[in-house]
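Here the protein sequences line up with chains L and P, keeping their order.
Per my numbering, the very first residue in the first sequence carries number 457; after that it's consecutive.
Per my numbering, the very first residue in the second sequence carries number 457; after that it's consecutive.
Scroll down for the structure; my scribbles are underneath it.
There are 2 protein chains.
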Amino acid sequence: MLIAETIRTKRDGNALAPEVIEELIRAYAAGEIPDYQMAALLMTVYFQGLDERELAAWAGAMLHSGEVVDLSAVPGGKVDKHSTGGVGDKVSIPLAPLVAACGVRVPMISGRGLGHTGGTLDKLESIPGFRTDLPVARFVEGVATVGACMIGQTDTLVPADRRMYALRDVTGTVESIPLISASIMSKKLAEGVSGLVLDVKVGSGAFMKTVERARDLARTMVGIGTRHGVKTVAYLTSMSQPIGWAVGNALEVAESIEVLRGEGPDDTTALVVTLGGRMLVLGGAAATQDEGEAAIRRAIETGAGLARFRDMVAFQGGDVAAIDETSRLPRARSRRDVPAPLAGYVTGIDCEKVGLAALVVGGGRRRKEDVIDPAVGLRVRARLGARVEGGDPLATIEYDDPAHLDDAHALVARAYRIGDEPPADEPLVIDIVE
Amino acid sequence: MLIAETIRTKRDGNALAPEVIEELIRAYAAGEIPDYQMAALLMTVYFQGLDERELAAWAGAMLHSGEVVDLSAVPGGKVDKHSTGGVGDKVSIPLAPLVAACGVRVPMISGRGLGHTGGTLDKLESIPGFRTDLPVARFVEGVATVGACMIGQTDTLVPADRRMYALRDVTGTVESIPLISASIMSKKLAEGVSGLVLDVKVGSGAFMKTVERARDLARTMVGIGTRHGVKTVAYLTSMSQPIGWAVGNALEVAESIEVLRGEGPDDTTALVVTLGGRMLVLGGAAATQDEGEAAIRRAIETGAGLARFRDMVAFQGGDVAAIDETSRLPRARSRRDVPAPLAGYVTGIDCEKVGLAALVVGGGRRRKEDVIDPAVGLRVRARLGARVEGGDPLATIEYDDPAHLDDAHALVARAYRIGDEPPADEPLVIDIVE
Numbered sequence: 457m458l459i460a461e462t463i464r465t466k467r468d469g470n471a472l473a474p475e476v477i478e479e480l481i482r483a484y485a486a487g488e489i490p491d492y493q494m495a496a497l498l499m500t501v502y503f504q505g506l507d508e509r510e511l512a513a514w515a516g517a518m519l520h521s522g523e524v525v526d527l528s529a530v531p532g533g534k535v536d537k538h539s540t541g542g543v544g545d546k547v548s549i550p551l552a553p554l555v556a557a558c559g560v561r562v563p564m565i566s567g568r569g570l571g572h573t574g575g576t577l578d579k580l581e582s583i584p585g586f587r588t589d590l591p592v593a594r595f596v597e598g599v600a601t602v603g604a605c606m607i608g609q610t611d612t613l614v615p616a617d618r619r620m621y622a623l624r625d626v627t628g629t630v631e632s633i634p635l636i637s638a639s640i641m642s643k644k645l646a647e648g649v650s651g652l653v654l655d656v657k658v659g660s661g662a663f664m665k666t667v668e669r670a671r672d673l674a675r676t677m678v679g680i681g682t683r684h685g686v687k688t689v690a691y692l693t694s695m696s697q698p699i700g701w702a703v704g705n706a707l708e709v710a711e712s713i714e715v716l717r718g719e720g721p722d723d724t725t726a727l728v729v730t731l732g733g734r735m736l737v738l739g740g741a742a743a744t745q746d747e748g749e750a751a752i753r754r755a756i757e758t759g760a761g762l763a764r765f766r767d768m769v770a771f772q773g774g775d776v777a778a779i780d781e782t783s784r785l786p787r788a789r790s791r792r793d794v795p796a797p798l799a800g801y802v803t804g805i806d807c808e809k810v811g812l813a814a815l816v817v818g819g820g821r822r823r824k825e826d827v828i829d830p831a832v833g834l835r836v837r838a839r840l841g842a843r844v845e846g847g848d849p850l851a852t853i854e855y856d857d858p859a860h861l862d863d864a865h866a867l868v869a870r871a872y873r874i875g876d877e878p879p880a881d882e883p884l885v886i887d888i889v890e
Numbered sequence: 457m458l459i460a461e462t463i464r465t466k467r468d469g470n471a472l473a474p475e476v477i478e479e480l481i482r483a484y485a486a487g488e489i490p491d492y493q494m495a496a497l498l499m500t501v502y503f504q505g506l507d508e509r510e511l512a513a514w515a516g517a518m519l520h521s522g523e524v525v526d527l528s529a530v531p532g533g534k535v536d537k538h539s540t541g542g543v544g545d546k547v548s549i550p551l552a553p554l555v556a557a558c559g560v561r562v563p564m565i566s567g568r569g570l571g572h573t574g575g576t577l578d579k580l581e582s583i584p585g586f587r588t589d590l591p592v593a594r595f596v597e598g599v600a601t602v603g604a605c606m607i608g609q610t611d612t613l614v615p616a617d618r619r620m621y622a623l624r625d626v627t628g629t630v631e632s633i634p635l636i637s638a639s640i641m642s643k644k645l646a647e648g649v650s651g652l653v654l655d656v657k658v659g660s661g662a663f664m665k666t667v668e669r670a671r672d673l674a675r676t677m678v679g680i681g682t683r684h685g686v687k688t689v690a691y692l693t694s695m696s697q698p699i700g701w702a703v704g705n706a707l708e709v710a711e712s713i714e715v716l717r718g719e720g721p722d723d724t725t726a727l728v729v730t731l732g733g734r735m736l737v738l739g740g741a742a743a744t745q746d747e748g749e750a751a752i753r754r755a756i757e758t759g760a761g762l763a764r765f766r767d768m769v770a771f772q773g774g775d776v777a778a779i780d781e782t783s784r785l786p787r788a789r790s791r792r793d794v795p796a797p798l799a800g801y802v803t804g805i806d807c808e809k810v811g812l813a814a815l816v817v818g819g820g821r822r823r824k825e826d827v828i829d830p831a832v833g834l835r836v837r838a839r840l841g842a843r844v845e846g847g848d849p850l851a852t853i854e855y856d857d858p859a860h861l862d863d864a865h866a867l868v869a870r871a872y873r874i875g876d877e878p879p880a881d882e883p884l885v886i887d888i889v890e
């Protein structure tokens, strides 16, 4: 009866008291509230939203539904970065060791790929032997000794989110900014961080298709972080084309190593420097953004970031030799170019189609239970503004099994728009919310 | 996956195709769709509504989730009346035999009381021996031979509504005009009627507190009926005070018999004549409303309605002697007057409080499983506009168990407003929607 009353209160546009939200999430995580009542409540939240106070309580209750990583014994700033998910977004992989090399620890709990966007865990696991399933105690040890550790969600952290996400997935309540924000932020707060940089992707390949929605999500997440005493900054960055040249798990690890060597694509390196600079500011290792960015650039030049990455790979059981000789990473056996149909400039790239092309050749998952091929993916050959002649390769698909090659080819071909004039330059950072 | 897609479609404000709705309700009734998905969908309907085409499909699918009474072998018009529920609303009891006596058959499947409103079944069951649980075949026989039969919902009729109503009750999705309309209309259409008169109550004691909401509900229900080929008319009638003098099960049966004898309260008799007149028009036994009303009045004067009521009671196993000697009906042992606190005119009666007073002395149910005392209730002694002196009885509570008598007394006392001027006269019929 209490729950039905709570649903009606929210349904009628009234705010729920923090205690009510806390009890609700606790009882749901404990299995005391049936899914049908939670489903109805989630749909009321979809329509009525949650105000700042409700949201802080909601995220806090999710957070306290399980264990919270205790990093209090680890000295200094502990800052993580979270991206809402893009195509070719390997930024976390070079970023974490670079920030660690500059003196700010990075406790990073990441996710797997689903649909057209990849996942950091899947990418890291393409390094032979690399373990992402470390227990929390070992994770804390990695953060303390190496300075950066990257693992997957454990059973003990934020169990309410796991149950709730599964329910949202089948009840049409995923696409709610407060629910997305609470889900992301509860998991990030559970890492025990003191600071957090959010990378909210905007554009065709992103979950947020418009700047308005992205800004709304950014503000909501920053509000939750701030209310929980975590310095939180959100960058809105462009997802109008894949990040870097590589899309696919091992391919993106190889490109991450190029970034750490100072040989990475400009856009990827720029993102790493910008976000890393801010992480150093939040972690107290730099006084200004410029100072932070300079420190990250130095850590690239000196190889300190690459060394730290080696340490992290070693700590997590990976084959360190594969870092120095990327030919030891899994590699697809076959390649096929997707040619430009006519001469002109690349004026548009539909990232979702590019991401799906990598998925259909085996590099991604449609469903959680799908098994991925770490070797496959594609390499972008022509980015926005590139001049191409008819027949020039737009992208090269790297594949093992030709079964879905034609589908992937068609997706890439349809992803590209070729025009007579080069497109206007777009800034990488669209906005900063803090 | 299909269901999650359907939920999102509706959530985003798009109409669902009739085939989708039909499959949805079929699968839900068959237990193939879990409650959590239906709960989310019901909440989207709460927020987004259903258009006329969706509603007709929804009500039709509910209707066809079970058996539909086949009255095709019974000649002539078959017309029912449904009230959205009021306090002291015993209208169905004299109405059905009067309409039957005028040549239009009345197949009536009614509900039980819940909360502050009573239910026709509970009232009828205060007649010793009266059975409301007849099987469908016997119901058809009653309609064919007696001309009127009044039973409760069976397991075989509209099973989807039973499951869905239970879910709505605990998920905050009861108060939705399309869902209320589909629930009511599917049950009425399942009776196999050719015409239907709806009595939508408006005011403090009604489910619909405002004329706007009541009109919206009326239009929605009339739309569903019309699309299903059933001539449907809705009356919006005032629920600003209890109907008649009696509130309570056996008390209301006794008052119904007074109506059939031509000795009933004016308001109750007027409602019976108005609604009955329209039922005769819809059933083809009267050319105009005036003609229909005159026929009903005649059936009261001649005693034809009372005779038909006797036949119906006999057919349904009730003690016919209790009709002629109402002292054979259950009667409470004790009485307590609720006095007027000061002299003046009765300017307002909160029907919900009056209904709850009858409930707390044992005449109603808070929960479906509560057992009621058919004898108890209350008798209104001063209606709107009555002149009272301080100490004059406003109402008399008739009770057996004094446990909650003081609560009932306080409810009645708080229900009455006494002022210096008599209130403006209010019409019984506020509007007609057809």
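Ideal Cβ placement from N, Cα and C applies to all residues, glycine included.
Element boundaries [alpha helix (DSSP H), containing residue i]
| i | result |
| --- | --- |
| L/V653 | No alpha helix (DSSP H) contains L/V653, which is instead part of the beta strand (DSSP E) from 651-658. |
| P/K534 | Careful: P/K534 lies outside any alpha helix (DSSP H) and carries neither H nor E. |
| P/V476 | 474-485 |
| P/S637 | 633-645 |
| L/D863 | 861-871 |
Chain L within 8 Å of residue i, Cβ atoms only
| i | result |
| --- | --- |
| P/M499 | yes |
| P/R669 | no |
| P/T576 | no |
| P/L623 | yes |
| P/G505 | no |
| P/G818 | no |
| P/G718 | no |
| P/Y484 | no |
One or two residues paired with residue i in a DSSP bridge
| i | result |
| --- | --- |
| L/R452 | Only positions 457 to 890 of chain L appear in this structure, which leaves residue 452 of chain L out of reach. |
| P/A702 | P/R835 |
Same chain, Cβ closer than 6 Å to residue i, neighbours up to 5 away in sequence not counted
| i | result |
| --- | --- |
| P/M457 | Low confidence applies to P/M457: its pLDDT is 43, below 50, so where it sits in the model is not reliable, and the reading given next is rough at best. Taken in chain order, the list of residues that qualify is empty. |
| P/R587 | Q772, G773 |
Secondary structure of residue i, DSSP reduced to three states
| i | result |
| --- | --- |
| P/D589 | coil |
| L/L785 | coil |
| L/T730 | helix |
| P/C891 | Nothing about residue 891 of chain P can be reported from this structure: the residues present for chain P run from 457 to 890 only. |
| P/T627 | coil |
| L/I828 | coil |
| L/E888 | The sequence as given places Ile at residue 888 of chain L; Glu does not occur at that position. Three-state DSSP puts L/I888 in a strand. |
| L/V769 | helix |
| L/D848 | coil |
| P/P563 | strand |
| P/D723 | helix |
Residue-chain proximity (residue i, chain P), Cβ-Cβ < 8 Å
| i | result |
| --- | --- |
| L/T744 | no |
| L/L458 | no |
| L/I463 | yes |
| L/D491 | yes |
| L/R467 | yes |
| L/V626 | yes |
| L/A864 | no |
Cut-off 8 Å between Cβ atoms - residues of its own chain near residue i, not counting five sequence neighbours on either side
| i | result |
| --- | --- |
| P/L497 | I459, T462, I463, K466, L480 |
Cutoff 7 Å; reference residue i; Cβ partners in own chain excluding five residues on either side
| i | result |
| --- | --- |
| L/K579 | K546, I549, N705, E708, V709 |
| P/D857 | G818 |
| P/L812 | H572, L867 |
| L/L762 | L716, R717 |
| L/S582 | N705, A706, V709, L785, P786, P830 |
| P/D491 | L623 |
Continuous beta strand (DSSP E) stretch holding residue i: start and end
| i | result |
| --- | --- |
| P/S694 | 687-694 |
| P/E523 | Here P/E523 belongs to no beta strand (DSSP E), and DSSP marks it neither H nor E. |
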